[in-house]
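*Asks:*
There are 2 protein chains.
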Amino acid sequence: MEKKVPTIKEIARKLNISVSTVSRALHDHPSIGLRTKTAVKNMAAALNYEPNQTAIFFKKGKTFTLGIVLPNLAEEFFSAVINGIEQVSMQNNYIALVGQSHDSLETEKKIVETMKNHRVDGILASISKNTTEIDHFRQMNKYGIPVVFFDRVPDVADIHSVSCNLYDSSVEAVEYLINLGHRRIGYLQGPPTLSIKNERLDGYRDAHKKHQLPLDESLIVHSDLSTEGTQAAFDQLMSLENRPTAILAFNDYVALDAIRYARQKKLRINKDISFVSYANLPVTRYVDFPPLASVEQFPFEQGARATELLFKLINQKSSGQEMPYENVVLQGKLVLH
Amino acid sequence: MEKKVPTIKEIARKLNISVSTVSRALHDHPSIGLRTKTAVKNMAAALNYEPNQTAIFFKKGKTFTLGIVLPNLAEEFFSAVINGIEQVSMQNNYIALVGQSHDSLETEKKIVETMKNHRVDGILASISKNTTEIDHFRQMNKYGIPVVFFDRVPDVADIHSVSCNLYDSSVEAVEYLINLGHRRIGYLQGPPTLSIKNERLDGYRDAHKKHQLPLDESLIVHSDLSTEGTQAAFDQLMSLENRPTAILAFNDYVALDAIRYARQKKLRINKDISFVSYANLPVTRYVDFPPLASVEQFPFEQGARATELLFKLINQKSSGQEMPYENVVLQGKLVLH
DNA sequence: TCTGATAAGTCAAACGTTTGCATACCTTTG
DNA sequence: CAAAGGTATGCAAACGTTTGACTTATCAGA
Chain R
1 MEKKVPTIKE IARKLNISVS TVSRALHDHP SIGLRTKTAV KNMAAALNYE PNQTAIFFKK
61 GKTFTLGIVL PNLAEEFFSA VINGIEQVSM QNNYIALVGQ SHDSLETEKK IVETMKNHRV
121 DGILASISKN TTEIDHFRQM NKYGIPVVFF DRVPDVADIH SVSCNLYDSS VEAVEYLINL
181 GHRRIGYLQG PPTLSIKNER LDGYRDAHKK HQLPLDESLI VHSDLSTEGT QAAFDQLMSL
241 ENRPTAILAF NDYVALDAIR YARQKKLRIN KDISFVSYAN LPVTRYVDFP PLASVEQFPF
301 EQGARATELL FKLINQKSSG QEMPYENVVL QGKLVLH
Chain L
338 MEKKVPTIKE IARKLNISVS TVSRALHDHP SIGLRTKTAV KNMAAALNYE PNQTAIFFKK
398 GKTFTLGIVL PNLAEEFFSA VINGIEQVSM QNNYIALVGQ SHDSLETEKK IVETMKNHRV
458 DGILASISKN TTEIDHFRQM NKYGIPVVFF DRVPDVADIH SVSCNLYDSS VEAVEYLINL
518 GHRRIGYLQG PPTLSIKNER LDGYRDAHKK HQLPLDESLI VHSDLSTEGT QAAFDQLMSL
578 ENRPTAILAF NDYVALDAIR YARQKKLRIN KDISFVSYAN LPVTRYVDFP PLASVEQFPF
638 EQGARATELL FKLINQKSSG QEMPYENVVL QGKLVLH
């Protein structure tokens, strides 16, 4: 056991040739003769030689490793994103380090730091809901590590990003409820930090304008995304003198929490109160009363596109050119259940 | 931009001392004088020096990286395991590469191969349901990469593992149903590959014996864990002349699929048919009719314990000693809903 | 026979760090 | 005052691989 791993040197010694010849032979360099080449390859096979990647990483200054920073793996949305990332990175023979911020800025910083130390070739990040500044990501610039943000994207222009535009689908979602006859539609929003670039709210507002429905600000409430927060927000809506008959929820989890809570309160789903939400997660398939519709945000595609963009940046870097900031925007899509 | 990163050499040159002195100074080596030490540290700080980890990895032959191989991140069970792994590995300044086998043996092999190439210091693995042999893991031995299996553990003795014993809690689960008055209890099993070491079934059988209930083999059916497979298995149970009044389901997903299907068939949950299952996943909180009880398998603890064991192996390795095969077994626990 | 091209291979430096050993100086101590 | 011991530092090798520059042999063409 622990038999020391064979190296290029050993092959060279056994064959009485130089290491450079061995190296080139293994890489099919043109200036190595066929005879030597096959001899080397045979010997390599016989010894069960495997190149020492850490040496190569070191020598080449690349690690063929990507870093993924995201809030929480347990959310189906993010594990779907990872599948997208995985697909593209595997094609490129890259592998990924994963770090969860658990929505803590401190943890996020620590993860980014660790990834920098591990000299990842690039970073894919979805920021935590408490990320108020992105200096720790900007730092990566100095180390030549490109960063691509996805989904939860900071609202600034000088970054690379892939995200999902929810404006149109928000309009569509509200119109869908209006067409069902709803006139009082609540909006159960997420925390302010996640609502800076508030496409959902803009869509909500504009759909009202478009259909000449009055806009009642008391119909817009916040949840911190915890179950309790959502329940409090729901109570707030239900205590209005003029209750909403439908609710647009920040995401499926919020909708599910609200629906469960509403049922505890003996409200009849889809009669007393209807729901539409965002994310279109598989988990909604298991419940009796899922939201009527949900806006698909294409996690897999976001992951795949972000990774493609990242690879473009990585390759561009080695070719020395500068790339303009690229912001890929996928269009969300309302899916009826 | 792309300003080249400062190295230990630069510090040495600027200070007109040797690199070894710098290296030792930065590591607080006792034989470096205070004056030199502070000078070096100041210069390092001024230049914003960061050690090149790839060089260190290479030199030390370690990467401070763990590999995690598991079937599917989207399962809440596994993301909970990752949280456990994360906690322990962060304490040790390790970071983790994650690979999903998606229940394909081929993919699993490829992941393990890639991780070996990246020279991870150790591997944590939960095998796919199609993993019939574990040579690819055994190979790691030759490279001095210890492997610890968790949860879905191969049924052989010469490995390290952390898993959850489900025998006692299976007995308990069935007894719970018996105490509720059930006399015909179906067992909706998983695929044969996952049932080699069949503690669930043994518990199911022994609980029957213990309570002198006849054991009807037709009450034991298989699902491949897909929704359709589960529905087929459920139909099989319901087409018996003497139907079960309760079902022990392989895991929560199976139970949820079956429950939904049962409701489509107008069966009344907890009246016509009751469920108990395994995993105790948070997702069951969102449904109207969760299983009556579920066996907690402590994913977080499994992840943490497996990682602790792995670190023991990694450290033992460098101290040259051999460790006996260790198989940590946590006891599952029936949780009433 | 000489020139020059080509093929096949070697040499040695380089990547950044760690570490065993040697060295230089200084201070004790017998 | 010389030997011993300690303190602070430098030297150089080593980890495994890649790669630009260089050497040697072979051979075609003039």
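Line by line, the protein sequences are chains R and L.
Following the working numbering, the numbering of the first sequence begins with 1 at its first residue and continues without gaps.
Following the working numbering, the numbering of the second sequence begins with 338 at its first residue and continues without gaps.
Using N, Cα and C, we set each Cβ at its ideal position, and we do this for glycine too.
For clarity, every value in this text was computed on a predicted model and none was experimentally measured.
Can you list, in chain order, the residues of its chain with a C-beta nearer than 7 Å to that of V153(R)? Leave out the 5 residues immediately preceding and following it.
*Replies:* One-based indexing of the first sequence puts residue 153(R) at position 153. Closer than 7 Å at the Cβ level, and outside the excluded window around V153(R), lie S161 and S163.
*Asks:* Going by DSSP, which residues form a beta bridge with Y524(L)?
*Replies:* Here residue 524(L) refers to the residue found at position 187 of the second sequence. The partner list for Y524(L) (beta bridge, DSSP) reads I557(L) and L585(L).
*Asks:* Between which two residues does the alpha helix (DSSP H) holding L403(L) run?
*Replies:* Position 66 of the second sequence, counted from the first residue, corresponds to residue 403(L). Per DSSP, L403(L) belongs to no alpha helix (DSSP H); it is in the beta strand (DSSP E), T402 to L407.
*Asks:* Between the alpha carbons of N42(R) and N52(R), how many angstroms are there, rounded?
*Replies:* The count along the first sequence starts at 1 and reaches residue 42(R) at position 42. The count along the first sequence starts at 1 and reaches residue 52(R) at position 52. For N42(R) and N52(R), the distance between alpha carbons rounds to 18 Å.
*Asks:* Given a threshold of 16 other Cβ atoms within 10 Å of its Cβ, counted over all protein chains shown, does S18(R) qualify as buried or as exposed?
*Replies:* The residue you call residue 18(R) lines up with position 18 of the first sequence. Looking at its Cβ environment, which holds fewer than 16 other Cβ atoms inside 10 Å, S18(R) is exposed.
*Asks:* Name the residue from S226(R), F150(R) and V221(R) whose alpha carbon lies nearest to the alpha carbon of F234(R).
*Replies:* Here residue 234(R) corresponds to residue number 234 of the first sequence, with the count starting at 1. Among S226(R), F150(R) and V221(R), the Cα nearest to that of F234(R) belongs to V221(R).
*Asks:* Looking at chain R, is there any beta carbon in it that lies within less than 7 Å of the beta carbon of F637(L)?
*Replies:* Within the second sequence, the letter at position 300 stands for residue 637(L). For F637(L), the answer is no, since every Cβ of chain R falls outside 7 Å of its Cβ.
*Asks:* Near E2(R), what residues of its chain come up, given a Cβ to Cβ distance below 8 Å and the 5 sequence neighbours on each side ignored?
*Replies:* As a first step, residue 2(R) is located in the first sequence; it is residue number 2 there, counting from the start. Confidence at E2(R) is low in this model, with a pLDDT of 45, below 50, so its placement is unreliable and the value that follows should be read with caution. For E2(R), where only same-chain residues beyond five positions count, there are no Cβ hits under 8 Å.
*Asks:* H455(L) versus chain R: which residues are under 9 Å apart at the beta carbon?
*Replies:* Along the second sequence, read from residue 1 onward, the residue named residue 455(L) stands at position 118. By Cβ distance, chain R contributes Q53, T54, F57, T63, F64, T65 and I95.
*Asks:* Alpha carbon to alpha carbon, how far is S576(L) from T582(L)? Give it in angstroms, no decimals.
*Replies:* Translated into positions along the second sequence, residue 582(L) becomes position 245. Translated into positions along the second sequence, residue 576(L) becomes position 239. Just so you know, the alpha carbons of T582(L) and S576(L) end up roughly 13 Å apart.
*Asks:* For the alpha helix (DSSP H) containing A510(L), list its first residue and its last residue.
*Replies:* For the purposes of this step, residue 510(L) is taken as the residue at position 173 of the second sequence. Where A510(L) is concerned, the enclosing alpha helix (DSSP H) stretches over Y504 to N516.
*Asks:* Which of helix, strand or coil does DSSP assign to H674(L)?
*Replies:* Position 337 of the second sequence, counting from 1, holds the residue named residue 674(L). Reduced to three states, the DSSP call for H674(L) is coil.
*Asks:* I need the straight-line Cα distance from G370(L) to V666(L), nearest angstrom please.
*Replies:* Sequence index remark: in the second sequence, residue 370(L) carries index 33 (1-based). Sequence index remark: in the second sequence, residue 666(L) carries index 329 (1-based). Whole-angstrom Cα-Cα distance: 51 Å.
*Asks:* Keeping to the same chain, check which residues put their C-beta closer than 7 Å to that of S104(R); ignore five residues upstream and five downstream.
*Replies:* Position 104 of the first sequence, counted from the first residue, corresponds to residue 104(R). Taken in chain order, the residues that qualify are S128 and N130.
*Asks:* Determine whether the Cβ of I82(R) lies closer than 7 Å to any Cβ atom of chain L.
*Replies:* Within the first sequence, residue 82(R) is the residue found at index 82, counting from 1. It does; some Cβ of chain L falls within 7 Å.
*Asks:* Just verifying my parser: in three-state terms, what is the DSSP assignment at Q679(L)?
*Replies:* Here chain L comprises residues numbered 338 to 674, so residue 679(L) is not present and cannot be evaluated.
*Asks:* Using the rule of at least 16 other Cβ atoms within 10 Å of the residue's Cβ for burial, across every protein chain shown, is Y662(L) buried or exposed?
*Replies:* Numbered from its first residue, the second sequence carries residue 662(L) at position 325. The residue is exposed, with fewer than 16 neighbouring Cβ atoms inside 10 Å.
*Asks:* Could you give the residue range of the beta strand (DSSP E) that holds S631(L)?
*Replies:* The residue given as residue 631(L) occupies position 294 in the second sequence. Here the beta strand (DSSP E) through S631(L) covers A630 to E633.
*Asks:* From which residue to which residue does the alpha helix (DSSP H) around V485(L) run?
*Replies:* Within the second sequence, residue 485(L) is the residue found at index 148, counting from 1. Unbroken run through V485(L) is the beta strand (DSSP E), V484 to F487; no alpha helix (DSSP H).
*Asks:* Using 7 Å as the threshold, is the C-beta distance between T402(L) and I432(L) below it?
*Replies:* As a working note, residue 402(L) is residue 65 in the second sequence. As a working note, residue 432(L) is residue 95 in the second sequence. Yes.
*Asks:* Do A544(L) and T567(L) have their C-beta atoms closer together than 7 Å?
*Replies:* Start at 1 with the first residue of the second sequence, and residue 544(L) comes out as number 207. Start at 1 with the first residue of the second sequence, and residue 567(L) comes out as number 230. Not closer than 7 Å, so no.
*Asks:* Is it the case that the stretch 117–128 of chain R contacts the stretch 273–293 of chain R, given that we only count it when at least three CB pairs across the two stretches are under 8 Å?
*Replies:* no
*Asks:* Taking the C-alpha atoms as reference points, what is the distance between G186(R) and L248(R)?
*Replies:* For this step, residue 186(R) is matched to residue 186 along the first sequence. For this step, residue 248(R) is matched to residue 248 along the first sequence. A direct Cα-Cα distance of roughly 6 Å separates G186(R) from L248(R).
*Asks:* Run down chain L in chain order and give the residues with a C-beta less than 8 Å from the C-beta of L256(R).
*Replies:* For the purposes of this step, residue 256(R) is taken as residue 256 along the first sequence, with counting starting at 1. Residues of chain L passing the Cβ test: Y623.
*Asks:* What residue range does the alpha helix (DSSP H) around G566(L) cover?
*Replies:* Position 229 of the second sequence, counted from the first residue, corresponds to residue 566(L). Residues T564 to M575.
*Asks:* Just tell me which of M323(R), T21(R) and G303(R) has its CA closest to the CA of F78(R).
*Replies:* Here residue 78(R) corresponds to residue number 78 of the first sequence, with the count starting at 1. Answer by Cα proximity: G303(R).
*Asks:* Assign Q549(L) to one of three DSSP states: helix, strand, or coil.
*Replies:* In the second sequence, residue 549(L) corresponds to position 212, counting from 1. Residue state, collapsed to three classes: coil.
*Asks:* Determine the DSSP secondary structure at F648(L), reduced to helix, strand or coil.
*Replies:* Start at 1 with the first residue of the second sequence, and residue 648(L) comes out as number 311. Three-state DSSP puts F648(L) in a helix.
*Asks:* Output, in chain order, the set of chain R residues within a Cβ distance shorter than 7 Å of L410(L).
*Replies:* For the purposes of this step, residue 410(L) is taken as the residue at position 73 of the second sequence. Under the 7 Å cutoff, chain R gives L73, S79 and I82.
*Asks:* Which residues in chain R sit within 7 Å of Y480(L), going by Cβ to Cβ distance?
*Replies:* Your numbering for residue 480(L) matches position 143 in the second sequence. Here the neighbours are V5.
*Asks:* If you drop the 5 nearest sequence neighbours on each side, which residues of the same chain put their C-beta closer than 8 Å to that of H337(R)?
*Replies:* To locate residue 337(R), count along the first sequence from 1; it is residue 337. Around H337(R): T284, P290, P291, L292, A293 and S294.
*Asks:* In whole angstroms, give me the CA-to-CA distance for L646(L) and L352(L).
*Replies:* Position 309 of the second sequence, counted from the first residue, corresponds to residue 646(L). Position 15 of the second sequence, counted from the first residue, corresponds to residue 352(L). When rounded, the separation of the alpha-carbon atoms in L646(L) and L352(L) is 44 Å.
*Asks:* Just to make sure I have the definition right: I need the residues of chain R whose C-beta is within less than 7 Å of the C-beta of V435(L). Which are they?
*Replies:* As a working note, residue 435(L) is residue 98 in the second sequence. Those are A96 and V98, listed as they occur along chain R.
*Asks:* Locate the alpha helix (DSSP H) running through L384(L), then write down its first and last residues.
*Replies:* The residue you call residue 384(L) lines up with position 47 of the second sequence. Start and end: L371 to L384.
*Asks:* Is there contact here, the stretch 508–519 of chain L with the stretch 469–479 of chain L, by at least three beta-carbon pairs under 8 Å?
*Replies:* no
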